[in-house]
Amino acid sequence: MTTDSALPKHTITALVEDRPGVLNRVVSMFRRRGFNIASLAVGQSEVAGLSRMTFVVEGDDTTVEQVTKHMHKLIDVIKVSDISNANTVERELALIRVSANAQTRNEIMQIVGIFRANVVDVAPDSVVVEVTGDQDKVESLQNLLKPFGVVEVMRTGTIAMNRGMATGARTDEARPRRPSATPSSRATWTDRSGG
Amino acid sequence: MKLTGAQILCESMLREGVDVIFGLPGGAILPLYQTLPQYPALRHILMRHEQGAAHAADGYARVTGRPGVAWATSGPGATNLVTGIATAQMDSVPMVAVTGQVARAAIGSDAFQETDITGITLPITKHNYLVMSAADIGRVVKEAFHIASTGRPGPVLIDIPKDVFTEKADFDYPDSLDLPGYKPTLDGHPSQVKKAAKLINEAKRPVILAGHGIILSGAYEELRDLAEKAQIPVITTLLGISCFPEDHVLCVGMPGMHGMAYASWAIEEADLVIALGMRFDDRIIGKPSAFAANSKKIHIDIDPSEIGKNVKVDVPIVGDLKRVLRMLNKHVDAAVHVEWLGRVEELKRQHPSHLVRETDKLIPQCVIKEISEATNGEAIIVTGVGQHQMWAAQHYVFKEPRSFVSSGGSGAMGYEVPGALGAQVGRPDKVVWSVAGDGGFQMTMSEVATMVENRIPVKFAIINNGFLGMVRQWQEAFYQRRYVATSYTRNPDFAKLGDAFGCLGLKVTDKSQVRGAIQRAMAYDGPAIVDFIVEQEENVYPFIPSGQTIHDMIEEPRPHRQESRR
Ligand SMILES: Cc1ncc(C[n+]2csc(CCOP(=O)(O)OP(=O)(O)O)c2C)c(N)n1
Ligand SMILES: [Mg+2]
């Protein structure tokens, strides 16, 4: 799992049978064909007995075309969509444990607020921040928190869904307010998902 | 009606039209074997090794077009199938393998002879199953045969725990399938087909490159119609051999690493390559960027993932060849291509390296030629892997579909014995010759005993060069003739071995004995082994080294054994 690769990232979703071993089949195909998975999220779909997987894979267009075709060949895979170029909502959730003391806690809370993230646990020497957004947002927040001491990071991997209408009216809840003053030079996050 | 899992499996096999099973029992699969006497319509051939069972099922499938069936027990029985399953997967051969597994409660405990065979075979099967309830067996068998034999065929493995064989369940065989994730595309896209026809109609120098897909789809007539209507030369891949009669004027043989030089040159000079049911294997294309660089390409295949995998194509069509060609032929104009066909004939004259050279020595090529003549090109030829395989492909004149049986993608030495066994079981009406390497034969020769026992009258031509010849050839070409670990200095006497197995054993050391020995072997009522002691350092020509281009082709035996190319 590497995230800083020069190759473009593609988001692929797959509707699969919810049976033992299906994840193994899909992942084994990736490994065997030498395709790189940047992130992977699996969960139930709207249909009983079917799961949905979201892959973020790295590779040029030919590679990604091969990935989707080979995924399709698996008997347990019902539908594969490459939604990289589509109008989509992409989200992941991350929990970040940051060192915090009486001096730094406020500053951390401020950053968390700007990102519409939440502090979900407070201990004398640390806080746990919960953030939802696309990968860029999660990474930006992580970078901003780094100077305080990031102790532990847990990320779910991206999940993605096509937007409903061609007009793409966007009402993202998870969108942060754009920081009015950049707290640090590392805050390079730009809101690609909305205006 | 309640049946045991073992009975359900047998009933289901009968519903799928299974008439023969190649296998070898053991503890975990014993309940199934003990049920077998209740089903006399299921003929079981007891093999000497499970690799033999898998290759035999493969050989059976390649000559009949029906899925071959192999049974094995858990653990080592199952792992012994692996080479045969991988071979079937690489060559798109329909096969259903059934393995016994330890009882359900013991799974995951490293029980005696427990092996995760579904895990092991995940990347070498089209699909596989671990069946945890007798009630599922009927559905699974039905799905397995359907998946194995439709779309791009391949092996399916069914792993069944011992106590599932003995568990009772209601049996009623499902009459429909529920496989939402498996729907092969059969009909080509009409507008793509029209585009392809346009390219064909505009082409001045078209060639057809026909692969295994023609055979798998049974599209012989359609291929012939296309070739004859538009007068297009037909080149066949190794596994495409026998999909088009080799005595036909439009047949131009096999291209690639050890193909006919003129076939490779015809592709090089073509302005359109029509690739049918083939996958641009590296043995054919060499360096991908240099392959047929001056031509447009049409690629028709049932497997979408093959399209654009190795070579960029101009018009891809996904579909079953029989259907697609039928549609395509309607849009293709009759043509003559006089000039181009003349050029191809000229190429044949300029590059005669496939011809058997004149010599008094006993060379392998002449053995193949004699077998071809003695059988009038109507036998089934099964080969091992190596030099003898290439000579069989080059020098036998195949006239009937499904008559060349060989491990292509996997290149599995040892295929020649059980593969021939399965082929003969599938086609008892045919003469089956196994063109065997002395190396490969010794990997699986125990199955000769199976042939004698079951009256399976395969004729063996062992091309005995005392070497792992193909590897030796590479050592000669690329390692200054340093023969490391390729010479068998003390092979057994294969003729005597024939005696010991209880079949006919002959030894041929001189060219003058070749024809007589072939005749005697064919006249013998049973399996026969002919040990041809051939020139040891004969090489296969032409030879395009791995990953290189047609311009690097070595066509002639170079002045003997001098220093190598690199
Ligand atoms: C199971 C297996 N092991 C090793 C190889 C590598 N290999 C390819 S050809 C060859 C030589 C085969 O020798 P033989 O069967 O005598 O045939 P020959 O080339 O001499 O005609 C070998 C070792 C292989 N293809 N398969
Ligand atoms: Mg040899």
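Line order of the protein sequences matches chains A and B.
With the working numbering applied, the first sequence covers 42 to 236.
With the working numbering applied, the second sequence covers -4 to 561.
We put the beta carbon where it would ideally sit given N, CA and C, even for glycine.
Owing to the predicted nature of the structure, the values given are computational and were not obtained by experimental measurement.
Exposure label - residue i; buried when at least 16 CB within 10 Å
| i | result |
| --- | --- |
| B:Gly511 | exposed |
| B:Ser541 | exposed |
| B:Gly244 | Checking the sequence shown, residue 244 of chain B turns out to be Val, not Gly. B:Val244 should be labelled exposed. |
| B:Val268 | buried |
| B:Lys304 | buried |
| B:Phe562 | This structure gives no information on residue 562 of chain B, because the portion of chain B shown stretches from -4 to 561. |
| B:Gln33 | exposed |
| B:Tyr215 | buried |
| B:Gly12 | exposed |
| A:Gly209 | Confidence in A:Gly209 is poor, its pLDDT being 47 and thus under 50, which makes the residue's placement unreliable; the coordinate value appears in the next sentence. Flag for A:Gly209 reads exposed. |
| A:Met195 | exposed |
| B:Pro584 | Past the boundaries of the shown model lies residue 584 of chain B; chain B is included only from -4 to 561, so the question cannot be answered. |
| B:Thr378 | buried |
| A:Thr44 | With a pLDDT of 45 at A:Thr44, under the threshold of 50, the modelled position of this residue cannot be trusted; read the value that follows with caution. That one is exposed. |
| B:Asn289 | exposed |
| A:Arg73 | exposed |
| B:Ser237 | buried |
| B:Phe107 | exposed |
| B:Gln514 | exposed |
| A:Val118 | buried |
| B:Ile375 | buried |
| B:Gln475 | exposed |
| B:Pro250 | buried |
For residue i, the first and last residue of its enclosing beta strand (DSSP E)
| i | result |
| --- | --- |
| B:Glu442 | Segment 442 to 448 is the alpha helix (DSSP H) holding B:Glu442; no beta strand (DSSP E) there. |
| B:Leu569 | Because chain B in this structure spans residues -4 to 561, residue 569 of chain B falls outside the shown range and cannot be described. |
| A:Asp162 | 159 to 164 |
| A:Asn126 | That residue, A:Asn126, is in no beta strand (DSSP E); it is neither H nor E in DSSP. |
| B:Gly18 | 15 to 19 |
| A:Ser92 | 91 to 99 |
| B:Gln384 | Taken as a continuous stretch (DSSP letters only), B:Gln384 belongs to no beta strand (DSSP E), being part of the alpha helix (DSSP H) at 382 to 390. |
| B:Tyr168 | That residue, B:Tyr168, is in no beta strand (DSSP E); it is neither H nor E in DSSP. |
| B:Asp154 | 150 to 156 |
| B:Asp111 | From DSSP, B:Asp111 is part of no beta strand (DSSP E); its letter is neither H nor E. |
Residue i to residue j span [Cα, whole Å]
| i | j | result |
| --- | --- | --- |
| B:His546 | B:Val306 | 19 angstroms |
| B:Leu323 | B:Ile297 | 15 angstroms |
| B:Ala407 | B:Lys(-3) | 43 angstroms |
| B:Leu463 | B:Ser128 | 47 angstroms |
| A:Ser77 | B:Ile358 | Per the sequence presented here, residue 77 of chain A reads as Asn, with Ser not at that position. In a straight line, the C-alpha of A:Asn77 is about 50 angstroms away from that of B:Ile358. |
| B:Asp315 | B:Pro396 | 18 angstroms |
| B:Glu217 | A:Asp101 | 37 angstroms |
| B:Gln96 | B:Leu41 | 19 angstroms |
| A:Val121 | A:Ala164 | 44 angstroms |
| A:Thr223 | A:Arg146 | Confidence in A:Thr223 is poor, its pLDDT being 36 and thus under 50, which makes the residue's placement unreliable; the coordinate value appears in the next sentence. Taking the straight line joining both Cα atoms gives about 18 angstroms. |
| B:Ser441 | B:Ile80 | 19 angstroms |
| A:Ala55 | A:His113 | 9 angstroms |
| A:Ile155 | A:Val161 | 16 angstroms |
| B:Val91 | B:Met255 | 35 angstroms |
Minimum C-alpha distance to residue i - residue among the options
| i | options | result |
| --- | --- | --- |
| B:Pro642 | B:Ala65, B:Leu320, B:Lys282, B:Asn486 | This structure does not reach residue 642 of chain B, given that chain B is present from -4 up to 561, and the question cannot be answered. |
| B:Gly421 | B:Thr(-1), B:Phe17, B:Glu109 | B:Phe17 |
| B:Ala225 | B:Ala415, B:Asn196, B:Asp526, B:Val430 | B:Asn196 |
| B:Val443 | B:Ile458, B:Ala495, B:Ala143 | B:Ala495 |
| A:Thr199 | A:Ile124, A:Asp59, A:Thr104 | A:Ile124 |
| B:Thr232 | B:Gly435, B:Ala415, B:Leu181, B:Val247 | B:Val247 |
| B:Ala418 | B:Lys178, B:His294, B:Pro201, B:Arg61 | B:Arg61 |
| B:Gln185 | B:Ala374, B:Ser300, B:Val319, B:Met85 | According to the sequence displayed, residue 185 of chain B carries Pro and not Gln. Cα-wise, what sits closest to B:Pro185 is B:Val319. |
| B:Ala67 | B:Val93, B:Gly254, B:Arg352 | B:Val93 |
| B:Lys199 | B:Asp173, B:Arg134, B:Asp266 | B:Asp266 |
| B:Leu287 | B:Pro423, B:Glu353, B:Val202 | For the record, residue 287 of chain B in the displayed sequence is Ala; it is not Leu. Cα-wise, what sits closest to B:Ala287 is B:Val202. |
Enclosing alpha helix (DSSP H) for residue i [first to last residue]
| i | result |
| --- | --- |
| B:Ala562 | An answer regarding residue 562 of chain B cannot be provided, because it is not within the stretch -4 to 561 covered by chain B. |
| A:Ala82 | Note, A:Ala82: premise wrong, no alpha helix (DSSP H); beta strand (DSSP E) at 77 to 85. |
| A:Lys178 | 176 to 186 |
| B:Gly133 | 132 to 144 |
| A:Gln151 | 146 to 155 |
Below-8 angstroms beta-carbon distance, residue i vs any chain D residue
| i | result |
| --- | --- |
| A:Asn65 | Absent from the structure: chain D. Protein chains present are A and B. |
**Report entry** Under 8 angstroms (Cβ pairs) to chain B, residues found in the stretch 88 to 109 of chain A
**Finding:** For the stretch 88 to 109 of chain A, residues whose beta-carbon sits nearer than 8 angstroms to a beta-carbon of chain B comprise Thr103, Glu106, Gln107.
Report task. Compile a chain-ordered list of the residues in the stretch 115 to 135 of chain A whose CB is closer than 9 angstroms to at least one CB of chain B. Result -> Listed in chain order, the positions of the stretch 115 to 135 of chain A with a beta carbon within less than 9 angstroms of a beta carbon of chain B are Leu115, Ile116, Asp117, Val118, Ile119, Lys120.
Report task. Note down, in chain order, all residues in the stretch 171 to 183 of chain B with a beta-carbon under 7 angstroms from any beta-carbon belonging to chain A. Result -> Among the residues of the stretch 171 to 183 of chain B, those with a Cβ less than 7 angstroms away from any Cβ of chain A are Leu174, Pro175, Gly176, Tyr177, in the order of the chain.
Query raised in the report: Which residues, in order along the stretch 126 to 145 of chain B, keep a beta-carbon less than 7 angstroms from a beta-carbon of chain A?
Result: So the close ones are Ile142.
Requested in this report: Identify each residue in the stretch 181 to 213 of chain B for which the Cβ-Cβ distance to at least one residue of chain A is less than 7 angstroms, and report them in chain order.
Outcome: Nothing from the stretch 181 to 213 of chain B brings a Cβ to less than 7 angstroms from some Cβ of chain A.
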